[in-house]
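All remarks here apply to the structure that follows.
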Amino acid sequence: MVFIYTVCENIAQAKELGRKIIKARVAACVNIWPIESIYFWEGKLTEGQEAVLLIKTNEQKFADIESFLKKYHTYSTPIIASINADRLNREYKEWMSTRITK
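4 is the number that numbering that gives the first Met the number 0 gives to position 5 of the sequence shown; each next residue is one higher, with no gaps.
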């Protein structure tokens, strides 16, 4: 299992992207929560609210989700980072495998 981390402009965009991902059956679940971000944008220090989208899927779907995010994400250069889960309980793994298409 991998978690794919990306950040959206707001909760509404994260939900829209999350729904598309689940409907495409490339992930079993997405978690969304608001965050505060600090970064440089166009030469200025910027602070603002964004939304994290944490996508739960398997390693084989990373490329599909990466392509998906590049196509549908509103940011021109979104972060698309994977975090490997070394261990996963069997029951969740079995549930997850029924949600993702081969």
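Beta carbons: idealized from backbone N, C-alpha and C, even for Gly.
Just so you know, these numbers come straight off a predicted model, no measurement behind them.
Please name the residue or residues paired with residue i in a DSSP beta bridge.
{"i": "Thr5", "result": "Leu52"}
{"i": "Lys43", "result": "Trp40"}
{"i": "Ile34", "result": "Glu49"}
{"i": "Ile82", "result": "Phe2"}
{"i": "Val29", "result": "Ile54"}
When the Cα atoms are used, what is the spatial distance from residue i to residue j?
{"i": "Thr73", "j": "Ile99", "result": "24 Å"}
{"i": "Tyr71", "j": "Pro77", "result": "10 Å"}
{"i": "Leu52", "j": "Ile20", "result": "11 Å"}
{"i": "Ile3", "j": "Leu68", "result": "11 Å"}
{"i": "Asn83", "j": "Phe61", "result": "11 Å"}
{"i": "Ile54", "j": "Ala27", "result": "8 Å"}
Taking the CB atoms as reference points, tell me whether residue i and residue j lie closer together than 8 Å.
{"i": "Thr56", "j": "Val6", "result": "no"}
{"i": "Ile79", "j": "Glu58", "result": "no"}
{"i": "Ile31", "j": "Ala11", "result": "no"}
{"i": "Val25", "j": "Asp85", "result": "no"}
Could you check what DSSP says for residue i in three-state terms: helix, strand or coil?
{"i": "Ala11", "result": "helix"}
{"i": "Ser66", "result": "helix"}
{"i": "Ser96", "result": "helix"}
{"i": "Arg89", "result": "helix"}
{"i": "Arg24", "result": "coil"}
{"i": "Tyr71", "result": "helix"}
Should residue i be listed as close to the ligand FMN, given that the test is whether its C-beta is under 7 Å from any heavy atom?
{"i": "Ile78", "result": "Of ligands this structure carries none, so the ligand FMN is not represented either."}
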